[in-house]
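Here the protein sequences line up with chains A, B, C and D, keeping their order.
Per the numbering used here, the very first residue in the first sequence carries number 78; after that it's consecutive.
Per the numbering used here, the very first residue in the second sequence carries number 78; after that it's consecutive.
Per the numbering used here, the very first residue in the third sequence carries number 78; after that it's consecutive.
Per the numbering used here, the very first residue in the fourth sequence carries number 78; after that it's consecutive.
The C-beta atom is built at its ideal place from N, Cα and C for all residues, glycine as well.
One structure below.
4 protein chains.
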Amino acid sequence: MPTSTRNEPVWKSRLRKIVQSNWFTWIILAVIMFNAAVVGIETYPGVYENNQGLFLTIDRVLLWIFTVEIAMRFAAEKSWKDFFSSGWNWFDFLIVAAGHIFAGAHFVTVLRILRVLRVFRAVSVIPSLRRLVDALLLTIPSLGNILLLMGIIFYIFGVIGTMLFQETAPEYFGTLELSLLTLFQVVTLESWASQVMRPIMEELWWSWMYFVAFVLVGTFVVFNLFIGVIVNNVEKADDSESPEEETQRELRELRSEIRELKDFLYAEKEKK
Amino acid sequence: MPTSTRNEPVWKSRLRKIVQSNWFTWIILAVIMFNAAVVGIETYPGVYENNQGLFLTIDRVLLWIFTVEIAMRFAAEKSWKDFFSSGWNWFDFLIVAAGHIFAGAHFVTVLRILRVLRVFRAVSVIPSLRRLVDALLLTIPSLGNILLLMGIIFYIFGVIGTMLFQETAPEYFGTLELSLLTLFQVVTLESWASQVMRPIMEELWWSWMYFVAFVLVGTFVVFNLFIGVIVNNVEKADDSESPEEETQRELRELRSEIRELKDFLYAEKEKK
Amino acid sequence: MPTSTRNEPVWKSRLRKIVQSNWFTWIILAVIMFNAAVVGIETYPGVYENNQGLFLTIDRVLLWIFTVEIAMRFAAEKSWKDFFSSGWNWFDFLIVAAGHIFAGAHFVTVLRILRVLRVFRAVSVIPSLRRLVDALLLTIPSLGNILLLMGIIFYIFGVIGTMLFQETAPEYFGTLELSLLTLFQVVTLESWASQVMRPIMEELWWSWMYFVAFVLVGTFVVFNLFIGVIVNNVEKADDSESPEEETQRELRELRSEIRELKDFLYAEKEKK
Amino acid sequence: MPTSTRNEPVWKSRLRKIVQSNWFTWIILAVIMFNAAVVGIETYPGVYENNQGLFLTIDRVLLWIFTVEIAMRFAAEKSWKDFFSSGWNWFDFLIVAAGHIFAGAHFVTVLRILRVLRVFRAVSVIPSLRRLVDALLLTIPSLGNILLLMGIIFYIFGVIGTMLFQETAPEYFGTLELSLLTLFQVVTLESWASQVMRPIMEELWWSWMYFVAFVLVGTFVVFNLFIGVIVNNVEKADDSESPEEETQRELRELRSEIRELKDFLYAEKEKK
């Protein structure tokens, strides 16, 4: 927890108190929810087109509120390194900076999507949600190997699928990219037989081997990926408890007491 | 367990015995099953229309039986606070009260649905089912954060989807509500590619990015939601056992005995 | 394990040895596999029609082999009660008895299905498979409550669905039976939106509430049913190990030794 | 780990050092990735046809690089038995040998698929991926029984399905092979109702019994197969830790110390 050090100016510690206060968080959260409501209302046909000026003004104001907020949080840190050591601060900074950069541009859609993504700032503002997302993201690196294996399997099946079915089913296997997308659809088991395999089988009867092989291998690997996450989580849950470690610590203490007892008795004997 | 206290009238304790007896539960269960059979028979075409009078009479009788039952259970409690402290009593009370309130009304469908919902009273009457549903409902609050995160993700993707595909696929992304329904369909992986993504891709080739991103993020979060429930359940199952705690208790007792032994030996030495 | 008792005739114990021998099991397994091959070959168009006499003869021979086998296993038991105490023996007996009963009948399809079901005898003959199926079936009673709850939910949604959509979608909700079948399809998430909900929504826009509610409730309960099975299995796996109990047993022995030591020392003191 | 023994020629130990070095692995990995890129580029229409000579040359060169690599790894082993004791070496050997064998042949598709399969050599080269795939493959034998049961269930339902629906739905149940493929589709829950069951139900209303029975039995067995894998994995995860065994080892040591103490005290008493 940052504390006011001697060399620090007084305004910095005061600013920190404000920034870390509950009411500050609640105000920002309210602004984010207002932002969310605005982008929601904008989607209704006619509403955005007829009030473009109003929505532009609201967006300007919201963007500046967020800019001031982030500037305050930045200034409250001891150094800029502390601020940028957190991925969440990077997210907040980039989403607001992008708003300023694209402000003058004519890429209206990009600007509107940026405005919607600001709703995700709710996660960076609510600590319990931030911890949850951090925990979810932390499970990904431990899955590195299985994701790599998944990638290799997708690539091999993608190339073979393109080679074999390019002409029979150009809408599913026309190019390597399309094949990879189709394989992603197949691994979610969505219409893999009725829409993808059966029409191809009418021309190439042996194509079922390709699809059955991929469904078996793909779902098996995806399933093991899921198991990895489960075992990971169960272990983590176990770690936080670890009653066995406590047992072992107690056992070690018990043993040292018995040793003491023995030393005492041997010493007694020596004396005699 | 409620016991007859001194200030309580005798009829109250007698009523409580009746209400808590097995045969009372069985009678009510039989009435509920009769109610279930009646609402089932009503669905066959012509049956309800041709015997509206009969079904109305049966319904009146059933409603009054339930009313008397709940009145008895209410009277058997020490105070009305005790009765309404249980969510199941609220459910029973509201389902019967609503039957009386809408009785005169002409909203035939509402009345009939109420009659069907009374079948769910079987759960409130069978204790083992009541405990099961209580247990299922108790897992929900612990999932609060992940449900909130899910909501934010749905909202962001919903607004972006409406913005991008409103004109290309009005039946799926015409309004924000429709988009959210479509996203719910996508997260269950139902026809997400064959019916939703592929027709849109014919006009907007880049739309696969939106859908693949949502399928990955959505299923990952839903899956973690499920893991949350599993870990929750496994932990609960562990709690009921906790052999480690027993081990530690035994270890503590062992240590105190060894200490006693030591104190005795040191005392012996002192004496000498 | 059955052992030859004094009052038992010699042929019985000899028969038992034969029946329990490995080569007997292997011969029966070979006959079952031959039976499986025959019923498989029969499915090819023309094969059955052109060789009905041959297949009938083969079937007669196979049926009598099985009859003799079961008669031998029956005779090898001490009493007929021992034989019928096993569900597998009942299965074997019924499948062969039905073969004889329907032999003269003209229900050709029933007879052929019986012949196919005999393939399942492979499970009753291979001990490891029999244990596996026994274990799978044993998980069902522990799920009694959740299956009952599932049934109540299906019934309530079935009746309401029939009431609401009977006229809009007669092919899905025409009768209560059809509704229950449709709900089973919805709970497997198969085409629940594209084929069932969306066509109904075109007439009754509010019907999404019914389907989303059922998908949420249904999958939640099915998922908890699955968790029940998992927790059940994990606990069983834990029971077979139970290293904690071993730890506690060792701890108890340790303590008794320390007590002995103490008694000895106190006794020494007394002597002095 | 192989170490240079006295009788071994010097070049063998030097070769081993090269083969086991990191840079050797990285070079081979780079060649594999180049191979992967080439087979990917080949899939684009026209690219392969217009540069067949170039791709043939590249393929020749890649094939010889892999041949030399495997020859080096073979020569670095103490004996050819050591080399072929690893399944991965067999895979590497066969994939390269097949490349030479089919080189002159005109089965262009077979040759191209072989070239794509070489990408899977990335797994055999990266140790962490090799271990992961080894672990995945090791879970299969423990599932032997449940896979056998699955096979029996598929066969029985396949034969019955062919018998019953051969004429009603020849595209799904025309032959036994087609029925088994359809059952595989049904067990993945893909369009099982909308495409397979409902069209058949229009002619044979009772066919829902067959499909509902198979969905229930099939998904129940598949689900238990998955549970087997999970329990397997969780147990393995537990084995690697096993704090209980450590506890028990410590307890045994503690007890032997207490015994020593007792022996000492009894000996003291004897002396007196």
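- Contact between B:L213 and C:N301 is confirmed by a C-beta separation of about 6 Å, below the 8 Å threshold.
- A Cβ-Cβ contact shorter than 8 Å links B:M274 with B:F288.
- In this structure D:R207 does not touch D:I109 by the C-beta definition: roughly 13 Å separates them, more than the 8 Å allowed.
- Secondary structure at A:S162: coil, using DSSP grouped into helix, strand and coil.
- In chain order, M240 make up the part of chain A whose C-beta sits under 8 Å from the C-beta of D:R189.
- For B:S90, the closest of B:A153, B:Y232, B:A113 by C-alpha to C-alpha distance is B:A153.
- Near chain B, meaning a CB-to-CB distance below 9 Å, no residue of the stretch 275-289 of chain A qualifies.
- Taking a C-beta distance under 8 Å as the contact criterion, D:F132 and D:V115 qualify as a contact pair.
- For a Cβ distance threshold of 7 Å, residue set S271 of chain A lies close to D:Q272, ordered along the chain.
- Sequence-distant partners of A:V124 (beyond 5 residues in either direction) whose C-beta falls short of 7 Å from its own C-beta, in its chain, are I118.
- Below the 8 Å Cβ cutoff, chain A contributes no neighbours of D:F291, its closest Cβ being approximately 15 Å away.
- In this structure, A:E248 sits away from B:S271, with a CB-CB distance that is not shorter than 8 Å.
- One Cα belongs to B:T216, the other to A:V200, and the distance between them is close to 22 Å.
- Taking a C-beta distance under 8 Å as the contact criterion, D:V292 and C:T265 qualify as a contact pair.
- By the neighbour-count criterion, in which a residue is buried when 16 or more other Cβ atoms sit within 10 angstroms of its Cβ, D:M286 is exposed.
- Taken in chain order, the members of the stretch 228-239 of chain B whose beta-carbon sits within less than 7 Å of a beta-carbon on chain A are I229, Y232, I233, V236, I237, T239.
- Among the residues of chain D, none has a CB under 9 Å from the CB of A:F341; the nearest is roughly 11 Å distant.
- A direct Cα-Cα distance of roughly 17 Å separates C:E280 from C:I237.
- Contact with chain B is found for C:L331, since one of that chain's Cβ atoms lies less than 8 Å from the residue's Cβ.
- For D:T239 against D:S256, the beta-carbon gap comes to about 5 Å, under 8 Å, which counts as contact.
- Assigned with DSSP and collapsed to three states, C:F303 falls in helix.
- Residue state for D:F151 is assigned as helix, using DSSP reduced to three classes.
- Bounds of the alpha helix (DSSP H) holding B:P204 are 204-215.
- With a cutoff of 8 Å on beta-carbon distance, B:K155 and A:L338 are scored as not near each other.
- For the pair A:M227 and A:V306, the CB atoms are not nearer than the 8 Å cut-off.
- At a C-beta separation below 9 Å, D:V210 has these neighbours in chain A: L226.
- Spatial neighbours of A:F250 in its own chain (CB-CB distance under 8 Å, excluding positions within 5 residues in sequence) are listed in chain order as G238, T239, L241, F242, Q243, S256, T259.
- Taking C-alpha positions only, B:L253 is separated from C:V294 by approximately 24 Å.
- When secondary structure is reduced to three states using DSSP, B:Y121 falls in the coil class, being assigned neither helix nor strand.
- The criterion of a C-beta distance shorter than 8 Å is not satisfied by A:I105 and B:I335.
- Listed along the chain, the chain C residues whose CB falls inside 7 Å of the CB of B:S205 are N222.
- In this structure, the beta-carbon distance from A:L331 to D:L342 does not fall below 8 Å.
- Short of 7 Å from the beta carbon of B:V96, and not among the five residues preceding or following it, lie these beta carbons of its own chain, in chain order: M149, R150, A153.
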